[in-house]
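A.B. asks: Dropping a structure here in structure tokens format, bear with me for questions.
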Amino acid sequence: MPTIKNAILRVNRFFAEICGWLLIAVMILMILDFVSRGLSDPIQGVGEIAVFVMVAIVYLGVAHTEQTRGHVRVTAVITRLPPRVQNVISLMVYVLALATIAVVVWAVTKNAVKAFKSQEAVAGTVPLLVWPVKFVIVLGCIMYFLQVAINTKEELQKLFSRTN
184 MPTIKNAILR
194 VNRFFAEICG
204 WLLIAVMILM
214 ILDFVSRGLS
224 DPIQGVGEIA
234 VFVMVAIVYL
244 GVAHTEQTRG
254 HVRVTAVITR
264 LPPRVQNVIS
274 LMVYVLALAT
284 IAVVVWAVTK
294 NAVKAFKSQE
304 AVAGTVPLLV
314 WPVKFVIVLG
324 CIMYFLQVAI
334 NTKEELQKLF
344 SRTN
């Protein structure tokens, strides 16, 4: 199991790195669009592409954020509880998150397949296919699910490794 966990952690870090580079690409595209509009020769489709890339950045980065425990947590009450109770609550939250993310993965996969079959596109001067971005969302959600599963397993191990 450690090899699967390490592989998932490496993929998460790789996607986080890609997110950084994609953010730079969006900034460059937006600057080029701004300059080209100033010269009365706008680049068609830059706004739509920027939105697609930002969606990819969010979904490819969410698993790494979970890996580093960077998501927002409300701890005002929970930190005052005994460690064992904290572990139980954390485990319950992770199990609920796993169930929720499983439903999300199913729904976004179904939606991405439908978009692929229908060749869904954003209308505009430059029509852009939507399905590639939807499959990036699927990939990001799957990686998020796997990371939450890893964190759930770690919480379970913490709960049963304590001697109380």
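184 is the number of the first residue of the sequence shown in the working numbering; add one for each residue after it. Cβ atoms here follow ideal geometry from the backbone N, Cα and C, with glycine treated the same way. Since the model is a prediction, treat every value here as computed from it, not as a measurement.
1) Find out if the Cβ-Cβ distance for the pair isoleucine 232, leucine 311 is shorter than 9 Å.
2) Give the secondary structure of valine 194 by DSSP, where H, G and I count as helix, E and B as strand, and everything else as coil.
3) Excluding five sequence neighbours on each side, which residues of the same chain lie with their C-beta closer than 6 Å to the C-beta of serine 273?
4) Short of 8 Å in beta carbon distance, which residues of its chain neighbour glutamine 227, apart from the five on each side in sequence? Order them along the chain.
5) Would you call the stretch 200-219 and the stretch 278-297 in contact, with 3 or more CB pairs under 8 Å?
6) Any contact between the stretch 315-326 and the stretch 262-272? By contact I mean 3 or more CB pairs, one from each, below 8 Å.
7) Return the bridge partner residues of leucine 311 from the DSSP annotation.
8) With a CB to CB cut of under 8 Å and the five nearest residues on each side skipped, what residues in its chain are close to phenylalanine 343?
C.D. replies: If we stick to the structure as given:
1) At the C-beta level, isoleucine 232 and leucine 311 come within 9 Å of one another.
2) Helix, per DSSP.
3) Cβ neighbours of serine 273 beyond the five flanking positions: Glu338.
4) The answer, listed in chain order, is Gly307, Thr308, Val309.
5) They do not touch, by the three-pair rule.
6) When Cβ pairs closer than 8 Å are counted between the two stretches, the stretch 315-326 is seen not to touch the stretch 262-272, the count staying below three.
7) For leucine 311, which the question treats as bridged, DSSP gives the partners Val305.
8) Nothing meets the Cβ criterion.
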